[in-house]
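In what follows, a single structure is set out as C-alpha cells and then discussed.
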Amino acid sequence: MLKIVEKNEKECTLCGACETTCSTFYFKEDDRLKSSIQVLEASENGDPVINVCNQCGNCIDVCPVEAIKRTGKGTVVISKKACVGCFNCVGVCPTDTMYWHEDLTEPFKCISCSRCTKECPTEAIFMEEVATN
Amino acid sequence: MGITTEELRASRKVLAEFDYEPAEIEKGYSGKSLYINLTDLTIKPKDITEQMKEIFIGGKGFGLWYLWNAVKPSTKWSDPENEIVISSGPIGGITQYPGSGKSLVVTLSPLTNSVMDSNVGGYFGPYLKFSGWDALEVQGKADQDVVVFIDGDRGKITIEKMELDPGASHLVSEQLTDMFAESEKDKKNISIVSTGSGADNTLIGLLNFSFYDLRRKAPRLKQAGRGGIGTVFREKNLAALVVRYSSLSGRSNNPADPSTIAKTGVKLAREINKFDDEQFRMRQIGTANLMTPMNDYDLLPVNNFKFGSHEDAVKISSDVLRSKFTQNMPDGCWVGCALSCCKAVDNFELKTGPFKGDKVIVDGPEYETAAGLGSNCGIFDPDHIIEANFYCDTYGIDTISTGTITAFAMECYENGVINKEITGGLELSFGSADAAMELIHQMGQGRGFGKIAGLGVRRMKHFFVDEYGADEAFLEDIGMENKGLEYSQYQAKESLAQQGGYAMTNKGPQHDEAWLIFMDMVNKQLPTFEKKAEALHYFPMFRTWFGLMGLCKLPWNDIIPESNKDADRPELIPEHVQNYVDIFNAVTGKQIDKDEMIRQSERVYNFQRVFNLRLGFGTREHDAAPYRALGPVTEEEYESRAERYDNQLRDDVGINPEGMSTADKVKKMREYRESRYEQLIDVVYKRRGWTTNGIPTIGHLCELGIDFPEVIETVKNKL
Chain A
9 MLKIVEKNEK
19 ECTLCGACET
29 TCSTFYFKED
39 DRLKSSIQVL
49 EASENGDPVI
59 NVCNQCGNCI
69 DVCPVEAIKR
79 TGKGTVVISK
89 KACVGCFNCV
99 GVCPTDTMYW
109 HEDLTEPFKC
119 ISCSRCTKEC
129 PTEAIFMEEV
139 ATN
Chain B
796 MGITTEELRA
806 SRKVLAEFDY
816 EPAEIEKGYS
826 GKSLYINLTD
836 LTIKPKDITE
846 QMKEIFIGGK
856 GFGLWYLWNA
866 VKPSTKWSDP
876 ENEIVISSGP
886 IGGITQYPGS
896 GKSLVVTLSP
906 LTNSVMDSNV
916 GGYFGPYLKF
926 SGWDALEVQG
936 KADQDVVVFI
946 DGDRGKITIE
956 KMELDPGASH
966 LVSEQLTDMF
976 AESEKDKKNI
986 SIVSTGSGAD
996 NTLIGLLNFS
1006 FYDLRRKAPR
1016 LKQAGRGGIG
1026 TVFREKNLAA
1036 LVVRYSSLSG
1046 RSNNPADPST
1056 IAKTGVKLAR
1066 EINKFDDEQF
1076 RMRQIGTANL
1086 MTPMNDYDLL
1096 PVNNFKFGSH
1106 EDAVKISSDV
1116 LRSKFTQNMP
1126 DGCWVGCALS
1136 CCKAVDNFEL
1146 KTGPFKGDKV
1156 IVDGPEYETA
1166 AGLGSNCGIF
1176 DPDHIIEANF
1186 YCDTYGIDTI
1196 STGTITAFAM
1206 ECYENGVINK
1216 EITGGLELSF
1226 GSADAAMELI
1236 HQMGQGRGFG
1246 KIAGLGVRRM
1256 KHFFVDEYGA
1266 DEAFLEDIGM
1276 ENKGLEYSQY
1286 QAKESLAQQG
1296 GYAMTNKGPQ
1306 HDEAWLIFMD
1316 MVNKQLPTFE
1326 KKAEALHYFP
1336 MFRTWFGLMG
1346 LCKLPWNDII
1356 PESNKDADRP
1366 ELIPEHVQNY
1376 VDIFNAVTGK
1386 QIDKDEMIRQ
1396 SERVYNFQRV
1406 FNLRLGFGTR
1416 EHDAAPYRAL
1426 GPVTEEEYES
1436 RAERYDNQLR
1446 DDVGINPEGM
1456 STADKVKKMR
1466 EYRESRYEQL
1476 IDVVYKRRGW
1486 TTNGIPTIGH
1496 LCELGIDFPE
1506 VIETVKNKL
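Keeping their order, the protein sequence lines are chains A and B. Residues in the first sequence are numbered consecutively from 9, following our numbering. Residues in the second sequence are numbered consecutively from 796, following our numbering.
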C-alpha cells in the first residue's frame, strides 16, 4: 500500500512546523519555499490550504529523460542525477505540488517521508494508506 | 540490417584527429566555433568575436557570416568552398523554456543557387554547443565517404572512414547511435546528422538530425528539409556528423539569470497544460492539427494548388491522423518542450520499396507532409502519406518539395505536357498513389523519371519546354516555385499578404518567414496595403529572430495566453514576445527590448538580402510569384469558385461579370491581381528600407550597422 500525506485543513494553525521540518531536512535551511509541503493562508471557506503531493504520478510520463519514477512502495521520486531541470513536471502537476525554487536547478516534491506529520502539533497532516492505481 | 555494430566498429579508420579542451559556456556562448575542411582534413577552432555576437547573434546569423566569408560571388553549390554551417544560438539548449533546441543550417543551395537556411530539431545543435562549439563549419570535399565525430566528453574530434552504407538515414542513425554510445544509457547523449541515397540522386536532399527516444528505444529523426542541404552534404562525401555530450543539466547553458528563465518557462508550461487541449492540440496532433481547419477555410492545397479544399479531405483530417499516432504522450524534439508537437507512428509495416515488410517508426506526418504528399497530389489516403513520409525521410528528400514536384508533374501529365512514355510508364494523374510512391522510390534511388523530378520544379519546367516543346507560359503559371524553391503547402490565392509572405522571402517560398493567411484572410486584420506592408516587415523580422537564437516558433503562437484577450494587438501575442525578450536578457545578461529584438533580426535579414544580391539574385525580378499562387490560372479553377470570383470582379475590380466568358473573366481577374501584387511589392520594399528594385539602401545598411566594405560594395554595384 502507498502511504501519502493526508490533511485535515480545519485543524491547521499555520504554525509552519511542517515547512520548517521539510526544508531543514532536505535543504539544510528554514525556507518555506524550499519545503515540499506548503501551507497557504486561507481558502474560500476560511480554512488554510495545505499543498502536498498525492503521488498521482502525472509527472512521470512527461519527463523527457525518465528521471521521475515510482518506487516499489508507490511513491513518486525524482532522480536529481538524471534530471535536466526542464520543469515540464511542474507545468503538468494537477495539484501544484511539484515545486521549483530560483536557487535550485531541479524541481522537488514530497516523497512521503512522514517527517512533517510527526512535527504537526494538531494532526492537521498525517500519513494514510491509499490504494495505488 | 547488413553490417553489425561490431563489424562497423572494427572497420573504423581515423583519418584525422584533434584534441581540445571544451570551452566553458558563458551566458549562452562557448565563444568558439569549429572549422573542418574535408579536402585537406583540417580541424581547427576559431574564436567567436564580440562583433559576431553583437551583429549576427548566433544560429542563422553565424551561418550567414561564415558562409559569406567562405564563398565568392562565383561559387556554386557544388564547389568545395561551399560550406554547410550548423549553429544553434545563445538560447539554444536551455531546458526550461519550450522549443529551445533548434539548429540552423546554412549553405548555398542546389535548388536556388543562392543562400539557403533551414531550421531543425533534434539534439545536435545544443550538444554541439555544450561540447564547446557555437557553430560548425564544414568546407571542402572528402575523397571518400567520411564520418565526423565530435566527442564533447573527451574533447576529441575525429574524421573517420568506416564501412557504413549512407543510403538509408534511419539505419545510419541507428547504427551510429549504437556504435558511438558506450552503453544503452549513453544513447541519449548521441545525436547524428545524416541523409540518404535521395540526397545523392536529387537536388532536394535534406538532413536528418536525430535524438534518442528513451521510451521507444530508438533514434528519432527531425528534418532540415528545405533547399537541398542534404545534397550539398553528400556532394562533400559526408556520410554523417556525430556529436556526443553526456553532462546535460538545467545549467549547461550557464545563463546570466537562471531564475528568470525558470520562472518564464514554468509560466508557459502551465499555460500549455491548461489551454492546449482546448486550443490547438499540439500535444495530441502536432502540426497536423491544421489539416481540418485548412480544408474548412479553403486553404488546403489540392491538385497542385488548384483548389483549397476537397470532399475527401475528411479521410486525412486532423483526427484521422491523430488516430494513426500510436503514443500520445508528450513528445518533444528537445528536452523540456512542454508543447511537444513531435508525433510518431510505431510499428508501421511498409508495403513498398527496399524495406517492404519492415515495421518502422515514422516521424510525423506533419501538416506540410500530409498536405504535400496527400491532398496536393489529390491523394486522400493516410497510410499512403505515412509510407511516403517514411521513405522521403530515410532517402533524405524534402517532403515539401517532393509534394509540390509530384503535384506539378501530375498536372503536366493530365495536360499532356508529359505522358507515359516520358514518365517511363508512371500514370501520374492526380490521386494516383501508387505512381506517386514509385516516383519517390525513383527519386530516392536515382532511377527513371525520378531523375528528372529530383531536379525540382524550376528545372523540370525548363526541361519540359526544351525537350518536349511544352507551353512555357503555362508551365511558368502552374510550376509552384519561386527562386527555385518549391512552395510550402498553403493555398495563398485569397491572401495578398501571404502571396508576399511567400514570394518576397530571402530563401524562397517557405512559411517560416511570414504566415499571414489567417491574419489577412480570415481575421481581416490587414485590410490596407500599409497594414499588409507593416506585417510583411514585422513578421519576417520577428520570425527571423527564432533562427538567431536556437528557438522554435511554435510556442510563440501555437498556444495563446489568457492575457491575449485584452491585448491591443493580439496577433503579436505580446505576452509571449515579452517572454522572449526576458529569456534573451536572462541568458546573455544584455538588456534588449522588443524594438531592439526586431533590429537584431533586421541586421541579419538585410545581410541575407545583400548576400543574395552578391550571388546574382536578390532583386525584384526574383520576388515574382507564379500566377497559380496569386489567382486562378485556368477556367476550371475559376469555375470552381465562380461565385467568389464573380463577386470580386464586381465589388473589387468594378467590372460586371454578367455576359463575360470565363476566359475573359480569368484575364480581367489576372490583370487586377497581378497589379495588386506589384503594388504590394512597392509598399513592402519601402517599409523594409529598400529601393523599388528590392535593394537595401546604403543609408539603411549604415543605420543597421552592417555597412562592412564588401557589403557596401556589393550594393553599390547593383544600385
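For each residue, glycine too, the CB sits at the ideal point set by N, CA and C.
Asked                                                                                                                          : Found
For B/Glu-1276, the residue or residues it bridges with in DSSP                                                                : B/Glu-1281
Beta-carbon spacing of B/Gly-1295, B/Tyr-1472 below 9 Å                                                                        : yes
Residue burial classification, A/Cys-91 (beta-carbon count within 10 angstroms, cutoff 16)                                     : buried
Where B/Ser-926 falls: helix, strand or coil (DSSP)                                                                            : coil
For B/Ser-989, the first and last residue of its enclosing beta strand (DSSP E)                                                : 985-989
6 Å Cβ shell around B/Phe-1313 - same chain, five flanking residues per side excluded                                          : none
Contact check, B/Asn-996 vs B/Asn-1099, beta carbons under 9 Å                                                                 : no
CB contact check: A/Asp-39 to chain B, cutoff 9 Å                                                                              : no
7 Å CB neighbourhood of B/Met-847 in its chain, flanking five on each side removed                                             : Phe-857, Trp-860
Same chain, Cβ closer than 8 Å to B/Glu-821, neighbours up to 5 away in sequence not counted                                   : Asn-1049
DSSP three-state assignment for B/Gln-1305, whether helix, strand or coil                                                      : coil
Rounded separation between B/Met-1344 and B/Lys-1151 - CA only                                                                 : 41 Å
Neighbourhood of B/Ala-1139 by C-beta, 6 Å cutoff - its chain only, sequence neighbours within 5 removed                       : Ile-1156, Asp-1158
Same chain only: Cβ atoms within 7 Å of B/Gly-1342, ignoring 5 sequence neighbours per side                                    : Gly-854, Lys-855, Leu-899, Asp-912, Asn-914
Closer than 7 Å at the beta carbon, the chain B residues around A/Pro-72                                                       : Gly-1127, Val-1130, Gly-1131
Contact between the region 1039-1047 of chain B and the region 1059-1068 of chain B (3+ Cβ pairs under 8 Å)                    : no
Whole-Å CB distance - B/Lys-1389 paired with B/Val-1376, under 8 Å assumed                                                     : 6 Å
Alpha helix (DSSP H) runs contained entirely in the region 62-100 of chain A, provided each spans 4 or more residues           : 66-70, 96-100
Nearest-angstrom Cα separation, counted from B/Arg-1439 out to B/Leu-1009                                                      : 51 Å
Whole-angstrom C-beta distance between B/Met-1086 and B/Ala-1165, which should lie under 8 Å                                   : 6 Å
Rounded Cβ spacing between A/Lys-89 and A/Thr-105 (contact assumed at less than 8 Å)                                           : Going by Cβ atoms, the distance from A/Lys-89 to A/Thr-105 rounds to 22 Å, so no, they are not a contact pair.
Secondary structure of B/Met-1299, DSSP reduced to three states                                                                : coil
Partner residues on chain A for B/Leu-1291, Cβ-Cβ distance less than 8 Å                                                       : Near B/Leu-1291 there are no residues of chain A at all, since even the closest Cβ is about 39 Å away, more than 8 Å.
A/Phe-95 at chain B interface by Cβ criterion, 9 Å                                                                             : yes
Burial state of B/Ser-1118 (16 or more Cβ within 10 Å)                                                                         : exposed
Per-residue DSSP class, three states only, for A/Glu-37                                                                        : coil
Beta-ladder partner(s) of B/Cys-1136, from DSSP                                                                                : B/Asp-1126
Close-in-space but distant-in-sequence residues of the same chain around B/Ile-1393 (CB under 8 Å, 5 per side omitted)         : Tyr-1333, Met-1336, Phe-1337, Trp-1340
Interface flag, B/Met-1086 vs chain A, CB-CB below 9 Å                                                                         : no
Local conformation of B/Ile-886 per DSSP, three classes                                                                        : coil
Per-residue burial, B/Gln-1386 [other beta carbons within 10 Å of its own, 16 or more giving buried]                           : exposed
Test item: CB-CB of B/Trp-872 and B/Thr-1026 under 9 Å                                                                         : yes
For B/Gln-1074, three-class secondary structure by DSSP                                                                        : coil
Buried/exposed call for B/Asp-1576, threshold 16 Cβ in 10 Å                                                                    : Outside the modelled stretch of chain B, which goes from 796 to 1514, sits residue 1576 of chain B, for which no answer is possible.
Same chain only: Cβ atoms within 6 Å of B/Asn-1352, ignoring 5 sequence neighbours per side                                    : Ile-1368
Of the residues B/Glu-1163, B/Ser-1196, B/Gly-1226, B/Gln-1284, the one placed nearest B/Leu-1250, counting alpha carbons only : B/Ser-1196
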